[in-house]
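Asks: I'd like to ask you about the structure that follows.
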Amino acid sequence: MVDQGYSLKRTTLSRATCLELLSQSPLARVVISVRCLPAALPARIAVSGDDHLLVASTEGSVILAAKRHDVISVQVDGLEAGGVIWSVMASGLASTATVAEELPNEIRSSLELGATLISLPLTVVVGQRIG
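Take -19 as the starting number for the sequence shown in this note's numbering and just add one per residue.
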């Protein structure tokens, strides 16, 4: 590979910025291990306070991982003006959750269509901007 003499600027995001970006993202990829291979499956998400993420999923592998209290990760990314991209990943020990009265409409709609509610404590939250 030939060095072009330039590189993209990478900036580490604060936890607060990561939580803000997560809260603005209704859709995410849930990253789990299925038969020792990585899988990224779509799900609806909503931040609950500053320490939990709610995930609504119909994917059997994701639901099973939550029932087993596996570590799962949720990843979102986006594009800002000027071509700057950002990426946030949150990880923690998942568990199935009971439905609370106060749920965002998108999550509630998914549950009404048969999704399972999963709670993910935001144990590790990391993110970066590139560009």
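All residues carry an ideal CB built from backbone N, CA and C; glycine is no exception.
Model, not experiment: these values are computed from the prediction.
(1) Looking at Val51 and Val68, is the spacing between their C-beta atoms short of 8 angstroms?
(2) Look at the alpha carbon of Thr38 and the alpha carbon of Ser89, and state the distance between them as a whole number of angstroms.
(3) Spell out the partners DSSP gives Pro18 in its beta bridges.
(4) Please report the distance separating the alpha-carbon of Glu81 from that of Lys(-11).
(5) Restricting to runs no shorter than 4 residues, where is the alpha helix (DSSP H) found entirely within the segment 23 to 97?
(6) What are the start and end residues of the alpha helix (DSSP H) that includes Thr(-3)?
(7) If distances are taken between C-alpha atoms only, which option among Gly111, Ser99 and Ile87 comes closest to Val64?
(8) How far does the beta strand (DSSP E) with Gly107 in it extend, from its first residue to its last?
(9) Do Ser71 and Val104 have their beta-carbon atoms positioned less than 8 angstroms apart in this structure?
Replies: Reading it off the structure:
(1) Taking a C-beta distance under 8 angstroms as the contact criterion, Val68 and Val51 do not qualify as a contact pair.
(2) 12 angstroms
(3) Ser13
(4) Approximately 43 angstroms between the Cα atoms of the pair.
(5) 40 to 47 and 85 to 92
(6) Arg(-5) to Ser3
(7) Gly111
(8) Val104 to Ile110
(9) Note that the C-beta distance between Val104 and Ser71 is below 8 angstroms.
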